[in-house]
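Protein chains in written order, with UniProt numbering: chain V, 1 to 1212; chain X, 1 to 340. Input: a single structure, listed below in structure tokens.
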Amino acid sequence: MTWRSPLALVRDALRGQRARENELRSLESNLPYEGLEKGKQPNRYFPSNAIKTTKYSLLFFIPMNLYEQFHRLANLYFVGLVILNFIPEVNAFQPEIALIPICVILSLTAMKDAWEDFRRYQSDRKLNNMPCFIYSRKEKQFVERHWKDVRVGDFVKVVCNEIIPADLLLLYTSDPNGVCHIETANLDGETNLKQRTAVSGHPEFEPESFNGILVCEKPNNNLNHFKGYVEKPDKQKVGAGIESLLLRGCTVRNTDHAVGFVVYAGRETKSMLNNSGPRYKRSKLERRLNIDVLFCVILLFTMCLIGALGHYLWLNAMPVVPPYLVPPTSGQLDRPSLTSFYMFFTMIILLQILIPISLYVSIELVKIGQIFFITNDIDLYDEETDSRIQCKALNITEDLGQIEYIFSDKTGTLTENKMVFRRCSIMGTEYPHKENAIRLAVLDEPEAEEEVIFNQHAQPLPTRWSLDSEEANVEDTHGHGSRRRSKVTGNAQSDVAFSSPLETEVVPDGKLFQKISRTSSGSLSHSQKTDAYLDFFLALAICNTVVVSMATTKRRRVSVSPQAKHTNTPLETLSKDSEENFQPSGQTEGVDTTGLQPCSPHPPSLSDEPALTSDNLRYEAESPDEAALVYAAKAYGFTLLSRTPDSVSVRLPSGEVLDFEVLDTLTFDSNRKRMSVLVRHPITKEYVLYTKGYASILTGHGNKKNIATVTQRHLDCYAKEGLRTLCIAKKVVSEAVYKRWSVDRKNAMAAIENRERLVMDTAVQLEKNLTLLGATGIEDRLQENVPDTIQALREAGIKVWVLTGDKPETAVNIGYACGLLEDEDLVINMAAVFQITCTNILDCTLEEVRRYNADPRNVDTTQNMSLVIDGLTLDKALSPDLLDRFVALVKHCRAVLCCRVTPLQKSRVVKVIREKLKVMTLAVGDGANDVNMIQAADIGIGISGQEGMQAVMASDFAISHFKHLKKLLLVHGHWCYTRLANMIIYFFYKNVAYVNLLFWYQFFCGFSATAMIDYWLMIFFNLFFTSVPPIMFGLMDKDISAEMLLGVPELYKTGQGEGDYRFTTFWVSILDAFYQSLVCFFVPYFVYQDSDIDMFTFGTPMNTSALFIILMHLSIEIKSWTVVHWIIMLGSVALYFIVTLAYSAVCVTCNPPSNPYWILQSQMEDPMFYLICILSTVVALLPRYRVCHSLSSVGLKIFNCPEFWGVFVSTF
Amino acid sequence: MVKQESESANRPDNTAFTQQRLPAWQPILSAGIVIPGFVLIGLAFIGIGVALLVTSRSIQVLELDYTGDSNGSPCSSCSQSDIANCKCSLNFTLTTLFQGPVFFYYGLSNYFQNYRRYGASKDDNQLYGDLSSFTSPSSSCSPYNYDSSKKPIVPCGSIANSMFNDTFTLTRTVSGTTNNVTLDGKGIAWWTDYNIKYRNPSVTPLKNAFNGTVKPINWAKPAYELDASDRSNNGFVNQDFLVWMRRAALPNFRKLYRRIDASGDYQKGLPAGNYTIDITYNYPVRAFNGAKKIVFSNVSWMGGSNEFLGIAYLVIGSLCVVMSVVMLIVYAKFKFPDEE
């Protein structure tokens, strides 16, 4: 590197800073500058691709870690104490000794941090050294380099199944259509393939010939958004959006290779910007805990004040200087007031452990353990996806035991979000698809539930069902029987790979199928090309973003090989042969006559791609609704064969393959609530727009009035059945209109400012005056055990709310299905258009509730009330003047269903309930629309389902099924809460009990802050002898067995509200600690008074009996003893004796003011020592033992002690 | 279960520990266990209590206050003056045999040997015989580490300086003749103090080790001349010094002064008769409202006389028995549900 003046360096640094901060970046290729020094590189200001997620460096670990740790208040308290100890007037111990506790705690934390950082370092190094291909101008080809060598402006080649090293702008792919598929599982967990298109679209791309400048926005963390354009030398701008960006961390699939231009590298990539690490929340218990720590501080100050005051009085009572008062070097005693002032601080040092600093470390350890147990629970493990429960927030486990309100999403949370096409309505005629319903009903039966696999290949479906729906029942029994047979005869040598679950199969409606086949059996598509039925199914097949992948394409997927899922039950494996047996032979007779012959599943292939037979097609849909529609279209013979950005091929029932040119795709957004695809019909050459979307939007534009109304009626009927509805519409666009529109569209796409709005405007512009074709009803089935879980949660005193974007009818239906609403419930339906109506409803209902409760006849019975409210009304109810009334009403409701709510409303509801009622809330959801709600609640739970991972990313815990909530809350929540609450209370007790021994001694040593226990032993006592048992208690105690907790959900109520950890419990424990320390101090005192006992011999039985009392106290609290308990408890006692004996034997002059030499040994030869220890322990523990166990022997043993102490005290 | 490992790599281990299903024992104490348990514990405690009380009662203790704060008492003249080696004597009469072995204690009241700064005011290394600490005593001894002429004080510190310096001789008068009761001063300190914790520097004669140092301000004689009669009882391993250096836990304490030598007439203890204690009164206590006393006591396995422990055991034991009786009555009346 050549020498550069410092000024130039500074200037360069400033320029770099500006370049990075700029809203827009201009990037050019590095290739012309290859081999030049760094100062000449155009993109030198942007970070390289090497990442560093470590917090510390090896050299500066200690100072940086200390700096980090001293940010905690607790550690500062420690440092303050150490500093006090170094002031000669104040010190209580040798200054060095005061350093021990803080050193131990700091080094423990530092060790933990270092280990975590080392793991991060290792994974960084692994990532940085991953191989990748970078284009080199010298070698005229892509050469292998490491990830860390990638720089902004490089050209990187990625090949199939490789992970993308940086954010690349896709310039070229091996695919002739310029498409590259990526899987974003690493980034957001979504496993469906996403399609990305190359920007420039030159088929022959040479990196060296790239001479444009890429202008792009500043890096941000939005994974679904990118703005930029490539400016060619001729000033032509080509827009580039997220659809051309390959994100770091994604995997290339189904594409041989692709070349991209590095836009963002290293820490500026979207995946790194999204990687914010685990989140920290403060739990309710911790907030309570801090108040109690404050009480401890007050207690400490009071005790120190008493000490200082006592010292003052004691000194003042001295007529002359006695021989035992040591004057300072000056020879003159200080004034008593000054010495007492010093004494106050000395007392703080002496009694410091009253503030349980080690409690914070212990809580952290216990929570790590609790998370270990939760994540290792096999009941919360999902076989199907091979996923455990994930704990993302590390420190709110105990909040799980205090939940009072659950806010749940419906779709994908209560339901499976596996969509099944159920019914449709075309041009005002309803096709109920009874056959399909029957088939699904069969599927629901328990024996069929065991995930039967159907091979798509061998199913000429239409043939086996009678077309007469009256005969359906007969068919059903028949079909059912034969199914069972096939299961039994199924043999293992099947090749069922790439079969899909039965749910995706649709049995066509007889009448509809007939109709379709009649239409298509004629000289199809030429004569009757405008037939609405054809259009309807074409729309289903085309209007989506489903990606077709070949069964033959290898995908590295860990989890979803269907074969592996089912190996555990031999019955389930169905062979191809048995599939064929499945068709009852007699069934086909009647079918032949209906003219279904042309509709063979294996038509003579007209296309030149013989591989594309329908049996090895696999649809990758972003939303399950789309997949359901495509499968439905397929069932009627409209098979989506392939999709590229520019074309869609559909095979018609006649076997003819139509290649539609796709002119544009107007993607779904929540404002328009619809999506459209603009295609050019291959035969008629018309520009056709197919649109699907939510009913309310589409019907407004409906063409013929009567069809619209009839369809609307059908839609209402579907919604009542709990189906999700979609409307399908089309529009023929004239060429002139299209030309004009496409110019607008292009401009909008290339815009940087206001791009979203412009793009949306163009979409809305086109989606006008649509012709309604029909509607579909898709069923979303309830997840396993949902009613059972809701029932249990309800018994546990948790109120369950459902917030959904669906229609009220759908939501109510699901509400009944999952047991949220019951038949005898009083369901209040709130749907008000005006504010005033809303007010009236609220007032009337509240009045009624009041009257009902006031009625003496209704003392014992409470009417179960449920509320159904829609989004519009909710908005009014949440307005400031109605809010209180609304909250008052919902307090009386057993269940609340909010329909048609937006994500923002969801979070609003959660916030309102949380703040107004001061309750613990939990929100559970699976989709992006639940993210707000999940973040607003005390605990957010994400369900890793079909709708991607955004909810999971935002959540504190991620589960795979709603039913897991039951064990998570009722068992783990309860355990985590009671364990931690009891441990914290015990910790306070322990410290107070031990410290008070020293405090009582002050009354007998002139308040001079003398300790009668060796300092080292005192420190050991807290750090080693009595630290492990409470942690074990917090980790492993089981007050109630899991079976009991699941069987009697009411037990969960102990944690709600104030729970176990309440004011009285805390103070009862503190009082108990005072009592016990009094006993522990005064038994030896009365025994040894007026004797020749020396100080440390006097302290030894106290220390020993304090150990016994503290450990025995814990044993009273422990509800179930395992081997681990015994080992740790006995181990602690053994450790005490071994360490103390060894220390007393070794330390002759090591610890000057105190001299523990041979003291425990001599005490242990003395029978009095044992008599004192026994008496102190028994007397100290007798009250607690009596109360706890007389209560527990009365049969209340399922409840725990501290609570009854509270009751016990409050009754007197 | 035949499972391919890769298919369920995330599957948690199904062990008793991770699933929190370790075999556990739940201490459910039914009345059937608790009541007999309490009776047994109660009876055991009563037994121990009785034994302790009987033993404690059998111990004879004789306490004689000689502070001299009231005018009639023998040492009142000494207590009022500041004369060194002021002599006074105390008479007492034993009507029965004082069972041996008899221990001779001196006791101090309102004397805070447990005062924190007082306790720190010594130099363990010096007392361990470390000669370098002779010339430069630890600062913890301050202000008793150097005298006014900057000479190091050995042994330094407040504890040593304030050493108790009254001396006693015990005489018995039998039919007019007075003879000394031999007092045994050997082994009154802790064995570990005498042999391990405290050491004289290995310099002979001992006096040379103390060259260049001065005796503590309040001391009459330097450390190497503490016991003229026994050369091995000098320096830091002087028994009286060792006893004093072991600080008392409470402000009212006694310290062992001598044992009555169990030989001749005194084989069985102190026989009945008239005794006189001649006191060399040096230690001032009246200034801080202290008191001095002489205590004779014999010891048992439980040390000195103490009724507290016996009574406490009796009370707790009876409480247990009473509680179990109450529980029995309640139990008999109501039949707890979990007893079925």
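For each residue, glycine too, the CB sits at the ideal point set by N, CA and C. Computed from a predicted model, the values in this text were never measured in an experiment.
If you keep only unbroken beta strand (DSSP E) runs of at least 3 residues inside the region 1067 to 1101 of chain V, you get nothing at all. Identification of residues in the region 243 to 263 of chain X having a C-beta nearer than 7 Å to some C-beta of chain V yields R246, R247, A248, A249, L250, P251, N252, F253, R254, K255 and L256, given in sequence order.
If you keep only unbroken alpha helix (DSSP H) runs of at least 4 residues inside the region 655 to 741 of chain V, you get 695 to 699 and 705 to 720. DSSP places T93 (chain X) within a strand segment (E or B) once states are collapsed to three. Straight-line spacing of the CA atoms in W190 (chain X) and W244 (chain X) works out to 11 Å.
Taking 3 residues as the minimum length, the beta strand (DSSP E) runs contained wholly in the region 418 to 442 of chain V are 429 to 431, in order along the chain. With respect to the 7 Å criterion, E779 (chain V) and R422 (chain V) are classified as neighbours on the basis of their beta carbons. Between I357 (chain V) and V995 (chain V), the CB-CB gap reaches or exceeds 7 Å.
Under the DSSP assignment, S647 (chain V) falls outside any alpha helix (DSSP H), being part of the beta strand (DSSP E) whose first and last residues are S647 to R651.
C-alpha of A993 (chain V) to C-alpha of A1009 (chain V): approximately 17 Å in a straight line. For P808 (chain V) and D716 (chain V), the gap between their C-alpha atoms comes out near 10 Å. Using a 10 angstroms sphere on the CB of Q783 (chain V), the tally of other CB atoms reaches 16 or more, which defines it as buried. At least 7 Å separates the CB of W219 (chain X) from every CB of chain V. Exposure of M130 (chain V) is indicated by the presence of fewer than 16 other C-beta atoms within 10 angstroms of its C-beta. DSSP places H974 (chain V) in the uninterrupted alpha helix (DSSP H) bounded by H974 to Q1002.
Annotated three-state conformation of V295 (chain X) is strand, per DSSP.
Taking the Cβ atoms as the reference, L793 (chain V) lies roughly 7 Å from L969 (chain V), within the contact range of under 8 Å.
Shortest Cα-Cα distance from N65 (chain V) to any of V:Y45, V:Q514, V:V764 and V:L108 involves V:L108. By the beta-carbon neighbour count (other beta carbons within 10 angstroms, threshold 16), V174 (chain X) is exposed. Taking a Cβ-Cβ threshold of 9 Å, the residues of chain X close to R388 (chain V) are N10, R11 and P12, in chain order. Fewer than three Cβ pairs drawn from the region 1134 to 1148 of chain V and the region 1069 to 1076 of chain V lie within less than 8 Å of each other, which leaves the two stretches out of contact. Here W741 (chain V) is buried: its Cβ has 16 or more other Cβ atoms, across all protein chains shown, within 10 Å. N179 (chain X) counts as exposed, since fewer than 16 other C-beta atoms from the protein chains shown sit within 10 angstroms of its C-beta. Below the 7 Å Cβ cutoff, chain V contributes P323 and Y324 as neighbours of S162 (chain X), in chain order. In the DSSP assignment, W1121 (chain V) falls outside any alpha helix (DSSP H), carrying neither H nor E. Taking G290 (chain X) as the centre and dropping the five residues before and after it, the same chain places the C-beta of T67, L108, S109, N110 and Y111 closer than 8 Å to its C-beta, in chain order.
Going by DSSP, A240 (chain V) is part of the beta strand (DSSP E) stretching over K237 to G241.
With at least 16 other beta carbons inside 10 angstroms of its own, F103 (chain X) counts as buried. Not one beta carbon of chain V lies nearer than 7 Å to the beta carbon of N298 (chain X). Shortest Cα-Cα distance from Y1157 (chain V) to any of V:P1167, V:S1144 and V:V152 involves V:S1144. Contact between the region 387 to 407 of chain V and the region 895 to 914 of chain V is established, with three or more Cβ pairs separated by less than 8 Å.
Rounded to the nearest angstrom, the gap between the Cα atoms of M1032 (chain V) and Q94 (chain V) is 33 Å.
The residues N30, I134 and V262, in chain order, have a CB closer than 6 Å to that of D154 (chain V) in the same chain once the five nearest residues on each side in sequence are set aside. For A831 (chain V), the three-state secondary structure derived from DSSP is coil. Taking the Cβ atoms as the reference, T771 (chain V) lies roughly 6 Å from A729 (chain V), within the contact range of under 8 Å.
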